[in-house]
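> Residue numbers (the UniProt record's numbering): 1 to 251. Could you have a look at this structure, given as structure tokens, before my questions?
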């Protein structure tokens, strides 16, 4: 009754071979999944570790650089402070030296002033005593000044003489008043070969002139050395010579 031959037994005989060579699909999926996961984990682990290591290294380097930068800034600031301290110390030493020098100068000046005062005190005492002995205005009578020995001159001349700025001017004014310009122009201080025929100055008048001249010098507050130089006979004679030459020009 079967028109076609049945090959079922042949398929049945091949089925065992196929089942022996191929695994079920579910098992294949599990195996593939395990196979994919195993190589991936073995390859990516060092890469991740390397990235972590590099990241940590970069952070560490940045921190070290920041720390070094801060240290450099601190060192720079410290150096500036040291330089400023040295400059301040040098300035302070300079000011201290200036102050010490000023103090030394002040002390030296005070010592000099004290020494001068000690030297001037006896001179002032002597001057006060001389002023008590000599007073050119005691013998003023109205407008007349009594030179001495009944010799009188106008008080205006005596005042001009005592107000003179220099000893030479005092001698000139007073000698012109005592002798008169015309008489004085014909006199000499001392006789010499080229002054033959001319009389010397009257000794007594010259003595009176020197008395008032001495008082005039005492009023000028000269030092003792200057006073001794101006009161010398040679100095007085020189001033009288000049006064005679001026009288000659006026006459």
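From the three backbone atoms N, C-alpha and C, an ideal C-beta is built for every residue, glycine too. Keep in mind that this is a model prediction, so the values were computed, not measured.
Give the straight-line distance between the Cα atoms of residue 132 and residue 91, rounded to the nearest whole angstrom.
Here residue 132 is taken as the residue at index 132 of the chain shown, counted from 1. Here residue 91 is taken as the residue at index 91 of the chain shown, counted from 1. For residue 132, the predicted structure reports a pLDDT of 47, less than 50, and the residue's modelled location is therefore unreliable. The matter cannot be settled from this model.
> Confirm, please, whether the CB-CB distance from residue 153 to residue 205 is below 8 Å.
Against the chain shown, residue 205 aligns to sequence position 205. Against the chain shown, residue 153 aligns to sequence position 153. The answer is no: Cβ separation not under 8 Å.
> Are the CB atoms of residue 155 and residue 143 within a distance shorter than 8 Å?
Numbered from its first residue, the chain shown carries residue 143 at position 143. Numbered from its first residue, the chain shown carries residue 155 at position 155. Yes.
> DSSP three-state call for residue 238: helix, strand or coil?
Counting from one through the chain shown, the residue named residue 238 turns up at place 238. Three-state result, residue 238: helix.
> Less than 8 Å between the C-beta atoms of residue 244 and residue 209, yes or no?
Here the question's residue 244 lines up with position 244 in the chain shown. Here the question's residue 209 lines up with position 209 in the chain shown. Contact flag unset, no.
> What is the DSSP secondary structure of residue 226, reduced to helix, strand or coil?
Stepping through the chain shown from its first residue, residue 226 is reached at position 226. Of the three classes helix, strand and coil, the one that applies to residue 226 here is helix, per DSSP.
> With 16 as the cutoff for other CB atoms within 10 Å, does residue 185 come out buried or exposed?
As a working mapping, residue 185 is identified with position 185 in the chain shown. Classification of residue 185: buried, given that the 10 Å Cβ count is 16 or more.
> Count the other CB atoms within 10 Å of the CB of residue 167; is the residue buried (16 or more) or exposed (fewer)?
Along the chain shown, read from residue 1 onward, the residue named residue 167 stands at position 167. Result: buried.
> Within 10 Å of its beta-carbon, does residue 218 have 16 or more other beta-carbons around it, so buried, or fewer, so exposed?
Stepping through the chain shown from its first residue, residue 218 is reached at position 218. Classification of residue 218: buried, given that the 10 Å Cβ count is 16 or more.
> Look at residue 198 and residue 187 and say whether their C-beta atoms are less than 8 Å apart.
Here residue 198 corresponds to residue number 198 of the chain shown, with the count starting at 1. Here residue 187 corresponds to residue number 187 of the chain shown, with the count starting at 1. Cβ atoms of residue 198 and residue 187: closer than 8 Å.
> Under three-state DSSP, which class holds residue 97?
What you label residue 97 is simply residue 97 of the chain shown in a count that begins at 1. Judged by DSSP in its simplified three-state form, residue 97 adopts helix.
> Helix, strand or coil: how does DSSP classify residue 144 here?
Counting from one through the chain shown, the residue named residue 144 turns up at place 144. Note: residue 144 maps to strand in three-state DSSP.
> What's the gap between the Cα of residue 88 and the Cα of residue 95?
Here the question's residue 88 lines up with position 88 in the chain shown. Here the question's residue 95 lines up with position 95 in the chain shown. So the two alpha carbons sit approximately 10 Å from each other.
> Looking only at DSSP bridge pairs, what is residue 152 linked to?
Numbered from 1 along the chain shown, position 152 holds the residue referred to as residue 152. In DSSP, residue 152 forms a bridge with 146.
> Answer yes or no: do residue 181 and residue 238 have a C-beta to C-beta separation smaller than 8 Å?
As a working mapping, residue 181 is identified with position 181 in the chain shown. As a working mapping, residue 238 is identified with position 238 in the chain shown. Not a contact, by the Cβ cut-off of 8 Å.
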